[in-house]
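Notes follow the structure.
Residue numbers (our numbering), protein chains in the order written: chain F, -13 to 399; chain E, 341 to 1095.
See below:
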């Protein structure tokens, strides 16, 4: 090889280098925090990577471990249920690379809010493994974020309120450290808060994870710190170096994540396992959710089960929704019967819709105008009795029913 | 049938009318000015050229062309743009051109209010539509729907917002705006002159924070500012943006002949110097113009007065059916109503518009033939903006200034040179105010950690950061100061308030529908919002029923009474440091820091017309402490004066100084206080103190320090020229009985003329 050629080859090498060098060179390795040893002695492991230090705590659980009423290994059954489902559902997983994920932060929003704790629960080497990464101090943030591995592609993340809180906050932190970190990929994200709201609408008044634990998951925390104290505890630990209270935050996070897993099991079974039910209300909610997702067959299964299991009184909402399902498939006579079944115990604001549907079918299909007039009258009587309606809504409804009434009256003549 | 008079004919008639001759104190005519035009810049994109042509524009005014060249040469600049000079093209053209050339390029427009941003957006949309280009512009404020926020952040080429939103909604969330901050080419600051005083000082810091975020993302934006006529636009822009600016002061827009008339209502009560109500005079003048078919805009100071005038004037048209020729226009109108009024003015169905100052701020309703101002709007810039509404293209315009009986109004009408001559008015800000600086240093720390070597704007801040660390808000690591608190500092800091803790004024006239009327700083509220005080809000009287000092709430109820209240404030003033001094023969003037302990003691009820004292009561409020900056004048005691003579004369003089400071330093009446001490604790000499009402000072007394000689000269002339016998609210304050007081004040002022 000639000297010139050699030189040219070298040149290529040089060209590549500056780009790499600038990004690496400008990173200044932060000093370890003064309290390194104290925190180590408190039981936290120290990991060092190219960006600094991260504290870590690993906890393993056998598959037979019970958290509240649920055995951790039941999650495989839940995955199995989702695998059998053909359609996509907001909380369906493929059971691959599933991470149960929760964070603790120093505030509620904005670029001055740090994530200081990330907990991830996975199944690995035939046991469940919880890895908690703890930011050593804010100058070690890059090291902390990198170490969480959340940037790795093809993950399914299961969270509680993560879609509007944890993940956007993670994106903010990522943007601030984007010069050094690999790109944050967009995971498949299941937010169980959304699902809980659908399933327990009208049943639970509070959707805090701790109240769901008590109400639905058979778990009650003893000695837990309230979540809103977590920021102050971390800030205090960084300022004073004392990790004592911080360990309680780690425990709080551990409970959150274990409950996340059992909540996933419970909701999956409620949704997909026919014999696994709570109350008529939850089942109706689930059926309605399926219907809204256009999964009508699943929806119908739910409703049918309710009408065959529960008294008419409890099943009235199910009858009501079945009516709409039938209407959708143009089975008007079946729909008519369902609405009629629903009528007796239906809450008033739904009842008015049921009367409307009945009147429509009587008018257009059966041509029983007299009957349609009766239903329309009933509906008109109801309007004033419904307190949740706004005045404008009342006027609108009134006009609509009066229009129907006039038309019907003409037809009778 | 008589024919309508033209403006010129009407003026001719007035010149020979004895009554009018007496009331018109001064005539002034500004000659016609031709347009100074320039060709479109050679590189201006054809789509912009064609959009301009669709709007009937074939040439630019010279200042628009200058603006384009400077912006394209990456030079920040400030353009003085009077009403109707096509100011928005000064920024639209370079901004749109840069986006066409590079679709990644971004611009941020700042308007002082949400309404102005929304108004400008519709105009900008129309222009972009005429260009037929896909350029996205959005307003971003509290009204922006959550669903489109992401789109605005990621794809908006031009984002129109206000400083408050930038402060609490954009900067603390800058990671969501990466594409804006990485590519920010231009920052437009419209209505620059509104950024003065406390608000301006806050905004100066918001801009420093904005620049810091831009630098972090690698952009170095150019500032384009437009301003009404003030004396120091370049200085204001430079201190607001911390950046060197070029000034475009030559305006190329044409103007027709402008006739200024200074009109003073006749005196109806010589002893108290009370004149006939300006509003009645305005009504009569407006009626006359209406009858002559001259399109007129009338400015009144409050909504109530607008309604009053509209009612008066509508009598003129009440015999016509569905007549829309007289319209009111005040804040809070919907864009659609505004368009309707604009349209009516263009096609002539609207003859007279009565407006509050809402219109003064950039809202474009086109030009009219005549303008009547009810009283002085408070500063020259606003007066010129109002006057600028009259003068359609090259037509002759008529501007009538009708003076009210207040001190400022009377000064203006008797000294037309003040308004017409070279503007002495300045808009000042004071970013150095430590309290404001610390507030924004917190926000800046929240947004991005400072390093151990960082500066913030022009400020050295390492010691201040160490202080915040002691406060437990920041944590220092090996190389940076990190925000370590669960608080969100931007929410705790309001750009508009004059002090951190304001008293909220709550109207409980209708118990089921209480509403917030406004807020007032704590210091002023001691004398204005004490229990039983009569509080005036936009011309409506309210009585304070309860002042909850702990919770900072004043509960008021609408009343109709014939008196106002006046509270005494016992002030203990101590000089903390003397920073500057100039010595004169018989007096010395100082600038420095003072500490004030103020306590409201009693209030008096004073009848409107007679100024009789008709009652009084105690005020029970804890004393308030204030550290601020002050300028004071100490003088040798004039020989032969007794203590009580001096004391009375100084009280009257302090009143007149207080009335005049806002004239010389553009500020609000409430921004300063004047205190007289016959024997000061500091030097044992008689002393007048002028101090800033805001903790830490806002730069007003520093300016007063520079203008004492002129200030005192003008105060003397004004008191001397005031037609009242014994002193009146327009000069030395209402006097009860002390005969001869006005002469004493004049003697003292004469003695104090500094050479």
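For each residue, glycine too, the CB sits at the ideal point set by N, CA and C.
Any chain E beta carbon closer than 7 Å to residue i
i, result
"residue 400 of chain F", "Outside the shown range of chain F, which is -13 to 399, sits residue 400 of chain F, and nothing can be said about it."
"residue 217 of chain F", "yes"
"residue 92 of chain F", "yes"
"residue 158 of chain F", "yes"
Within chain F, partners of residue i - CB distance below 9 Å
i, result
"residue 512 of chain E", "95, 96, 97, 98"
"residue 480 of chain E", "Near residue 480 of chain E there are no residues of chain F at all, since even the closest Cβ is about 16 Å away, more than 9 Å."
"residue 828 of chain E", "93, 94, 95, 96, 98, 99"
"residue 558 of chain E", "Here the premise fails: no neighbours, minimum Cβ distance about 11 Å."
"residue 496 of chain E", "None at all; the shortest Cβ gap to chain F is about 18 Å."
7 Å Cβ cutoff, residue i in contact with chain F
i, result
"residue 787 of chain E", "yes"
"residue 484 of chain E", "no"
"residue 799 of chain E", "no"
Rounded separation between residue i and residue j - CA only
i, j, result
"residue 290 of chain F", "residue 314 of chain F", "16 Å"
"residue 277 of chain F", "residue 785 of chain E", "49 Å"
"residue 344 of chain F", "residue 189 of chain F", "29 Å"
"residue 904 of chain E", "residue 932 of chain E", "35 Å"
"residue 182 of chain F", "residue 115 of chain F", "25 Å"
"residue 251 of chain F", "residue 87 of chain F", "15 Å"
"residue 403 of chain E", "residue 591 of chain E", "5 Å"
"residue 397 of chain F", "residue 349 of chain F", "9 Å"
"residue 14 of chain F", "residue 134 of chain F", "20 Å"
"residue 859 of chain E", "residue 463 of chain E", "33 Å"
"residue 637 of chain E", "residue 710 of chain E", "6 Å"
"residue 473 of chain E", "residue 419 of chain E", "27 Å"
"residue 787 of chain E", "residue 1005 of chain E", "35 Å"
"residue 524 of chain E", "residue 792 of chain E", "27 Å"
"residue 272 of chain F", "residue 684 of chain E", "58 Å"
"residue 1063 of chain E", "residue 767 of chain E", "32 Å"
"residue 8 of chain F", "residue 131 of chain F", "Residue confidence for residue 8 of chain F is low, a pLDDT of 37 falling below 50, so the modelled location carries little weight; the figure read from the coordinates is stated next. Roughly 21 Å separates the two Cα atoms."
"residue 1052 of chain E", "residue 1041 of chain E", "15 Å"
"residue 760 of chain E", "residue 522 of chain E", "46 Å"
7 Å Cβ cut-off: residues of chain F touching residue i
i, result
"residue 818 of chain E", "16, 17, 125"
"residue 308 of chain E", "Since the displayed chain E opens at 341 and closes at 1095, residue 308 of chain E lies outside it and no answer follows."
"residue 825 of chain E", "221"
Within chain E, partners of residue i - CB distance below 8 Å
i, result
"residue 198 of chain F", "None at all; the shortest Cβ gap to chain E is about 25 Å."
"residue 224 of chain F", "815, 824"
Paired residues, beta bridge with residue i - DSSP
i, result
"residue 565 of chain E", "E:418, E:529"
"residue 695 of chain E", "E:639, E:669"
"residue 363 of chain E", "Per DSSP, none; premise fails for residue 363 of chain E."
"residue 614 of chain E", "E:609"
"residue 312 of chain F", "Bridge partners of residue 312 of chain F: none, in fact."
"residue 711 of chain E", "E:637, E:739"
"residue 285 of chain E", "Any answer about residue 285 of chain E is impossible in this case: the structure gives chain E only from 341 up to 1095."
"residue 939 of chain E", "E:910"
Interface residues of chain E facing residue i [CB-CB closer than 7 Å]
i, result
"residue 161 of chain F", "515, 518"
Boundaries (first-last residue) of the alpha helix (DSSP H) holding residue i
i, result
"residue 861 of chain E", "It is not in any alpha helix (DSSP H) - residue 861 of chain E instead sits in the beta strand (DSSP E) that spans 855 to 861."
"residue 336 of chain F", "334 to 347"
"residue 362 of chain F", "355 to 369"
Residue span of the beta strand (DSSP E) that contains residue i, given as start and end
i, result
"residue 920 of chain E", "903 to 923"
"residue 446 of chain E", "446 to 450"
"residue 1096 of chain E", "No answer is possible for residue 1096 of chain E: the residues shown for chain E start at 341 and end at 1095."
"residue 958 of chain E", "953 to 958"
Per-residue contacts from residue i into chain C (C-beta, under 7 Å)
i, result
"residue 728 of chain E", "The chain labelled as chain C is not found among the protein chains of the depicted structure, namely F and E."
Contacts that residue i makes with chain F (C-beta to C-beta distance below 8 Å)
i, result
"residue 509 of chain E", "By Cβ distance, chain F contributes nothing, its closest Cβ being about 10 Å from residue 509 of chain E, past 8 Å."
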